[in-house]
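Trainee: Just dropping this structure here.
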Ligand SMILES: NC(=O)c1ccc[n+]([C@@H]2O[C@H](COP(=O)([O-])OP(=O)(O)OC[C@H]3O[C@@H](n4cnc5c(N)ncnc54)[C@H](OP(=O)(O)O)[C@@H]3O)[C@@H](O)[C@H]2O)c1
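Okay, here's the thing in structure tokens:
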């Protein structure tokens, strides 16, 4: 039995990771950890009632309390970091490494986090540890989708991913720490996308292009959002001339009025402006309107058997946290059976074997639909 320590295991994403992991693998025990033991115990009760074998247990842990964190690590084989603790990446990595464990995080793709992890890669490798980063959905699957698409072509030329995120942001109960992390994403926003065989940026004032997501969402303006996992794609798929992740906004009031202010304020290193950005961000959530759901379309063009082929790979669900948890668990399943366990630091999206990854996701209720034409 492998023992998986899930930091933030009763949070929005962490609880679903716990649930799908117990459902998909009978060879694991999980430890649901966080600072509030009552919440961990309530989650464990629900999990053990749903899955046989009493394989979940609760643990009170604040990762900033180093001795307590070290004690928690003694119980585990791998750490799944689903806690809003990105600012502690260095301390966490050092402790996990010291304990000789493997690790996956689902944090946003921040340059600081990646600098820390890849800066320690040699130590991680020589300790024989396997670290996955940028797990989850975005980051987490955009480059896997393009790699999967390339399996349908002799020459894949275009693979643009459009993310229609119609989320009821106001209804999400995430902790202030998680909200701050979401806001942090804007500090490091990059519009890099690959066009005509070159990486390009898009000016903040350029009009986002409309993409038709089909009913019930229709056309939504989408802007490029670079994720580090995409950087290797032109090298992996030399025929590729165009790729990028184009994401829809929040709602018109947030996108047109509040976001430009937030983007400006968040870069001013004064507490007042950080606070103001946070308040405006939360205010903007209130203007989201139904229909709600997430639809991710990978729009592809290329050549198959001498003929032009146009197809779309579609992933969709109305629970954005399920979209985060299921790919993380699909990666863990490949790790647990040893097929992708290698010393080093790997992006989840590039470490996984794509065909099995999407098959496993389909089994968990998130099938990848292929639409021709
Ligand atoms: N890659 C993706 O696609 C994706 C999508 C969504 C979210 N995320 C990321 O996933 C993470 C979790 O998001 P969420 O929405 O699930 O957040 P959430 O519901 O607020 O859960 C955060 C969890 O972290 C725990 N936590 C916070 N600080 C901690 C500490 N010092 N020690 C131990 N536990 C701590 C919290 O419990 P206590 O406060 O009780 O300790 C809670 O269980 C965030 O980093 C977010 O950016 C990634």
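Numbering (our numbering), first residue to last: 502 to 874. C-beta atoms are modelled at their ideal positions from N, C-alpha and C, and glycine is treated no differently.
My output table needs one value for residue 534: the three-state DSSP class, helix, strand or coil.
Mentor: Three-state DSSP puts residue 534 in a strand.
Trainee: Using the Cβ count rule (16 or more neighbours within 10 Å means buried), how would you classify residue 843?
Mentor: Per the 10 Å Cβ criterion, exposed.
Trainee: Less than 7 Å between the beta carbons of residue 645 and residue 855, yes or no?
Mentor: Yes, the pair counts as a contact, with Cβ atoms nearer than the cut-off.
Trainee: What are the start and end residues of the beta strand (DSSP E) that includes residue 571?
Mentor: Here residue 571 belongs to no beta strand (DSSP E); instead the alpha helix (DSSP H) covers 567-574.
Trainee: Give a single yes or no on whether residue 690 has its beta carbon closer than 6 Å to a heavy atom of ligand 1.
Mentor: Result no, Cβ not under 6 Å from ligand 1.
Trainee: Can you tell me whether residue 722 is helix, strand or coil according to DSSP?
Mentor: Residue state, collapsed to three classes: strand.
Trainee: What is the residue span of the alpha helix (DSSP H) that residue 639 lies within?
Mentor: Residue 639 -> no alpha helix (DSSP H), and no H or E assigned at all.
Trainee: For residue 502, count the other beta carbons within 10 Å of its own beta carbon; 16 or more makes it buried, fewer makes it exposed. Which is it?
Mentor: Classification for residue 502: exposed.
Trainee: Looking at the structure shown, is residue 869 part of a helix, part of a strand, or coil, going by DSSP?
Mentor: Residue 869 falls in the coil class under three-state DSSP.
Trainee: Considering only heavy atoms of ligand 1, does any lie closer than 6 Å to the CB of residue 796?
Mentor: Not under cutoff, so the answer is no.
Trainee: State whether the segment 830-849 contacts the segment 524-532, with contact taken as three or more CB pairs (one from each stretch) at a distance under 8 Å.
Mentor: Verdict: yes, contact present.
Trainee: Cα separation between residue 648 and residue 734?
Mentor: Rounded to the nearest angstrom, the two C-alpha atoms are 8 Å apart.
Trainee: If we require 4 or more residues per run, which alpha helix (DSSP H) segments fall completely within the segment 549-630?
Mentor: The qualifying runs are 567-574, 590-599, 612-620 and 622-627.
Trainee: Run through DSSP, which three-state label would residue 666 get?
Mentor: Strand.
Trainee: Does DSSP put residue 513 in a helix, a strand or coil?
Mentor: Correct three-state label for residue 513: helix.
Trainee: How close, in whole Å, do the beta carbons of residue 835 and residue 853 come, if the pair is a contact with beta carbons under 8 Å?
Mentor: Right, the Cβ-Cβ distance comes to about 6 Å (below 8 Å), so this counts as a contact.
Trainee: Within 10 angstroms of the Cβ of residue 767, are there 16 or more other Cβ atoms? Answer buried if so, exposed if not.
Mentor: Its Cβ being crowded by 16 or more others within 10 Å, residue 767 is buried.
Trainee: I'd like the span of the beta strand (DSSP E) that includes residue 812, first residue to last.
Mentor: Looking at the DSSP string, the run of the beta strand (DSSP E) that includes residue 812 is 808-818.
Trainee: Judging by CA-CA distance, which residue of 692, 818 and 593 is the nearest neighbour of residue 870?
Mentor: Minimum Cα distance to residue 870 is reached at 818.
Trainee: Using only the alpha-carbon positions, how far apart do residue 608 and residue 686 sit?
Mentor: Approximately 10 Å, taken between the alpha carbons.
Trainee: Look up residue 656 in the DSSP assignment and say whether it is helix, strand or coil.
Mentor: Strand, per DSSP.
Trainee: Alpha carbon to alpha carbon, what distance is there between residue 506 and residue 573?
Mentor: The straight-line gap from Cα to Cα measures roughly 8 Å.
Trainee: For the putative contact between residue 510 and residue 534, defined by C-beta atoms under 8 Å, what is the C-beta separation to the nearest angstrom?
Mentor: Rounded, the Cβ-Cβ distance is 6 Å, consistent with contact.
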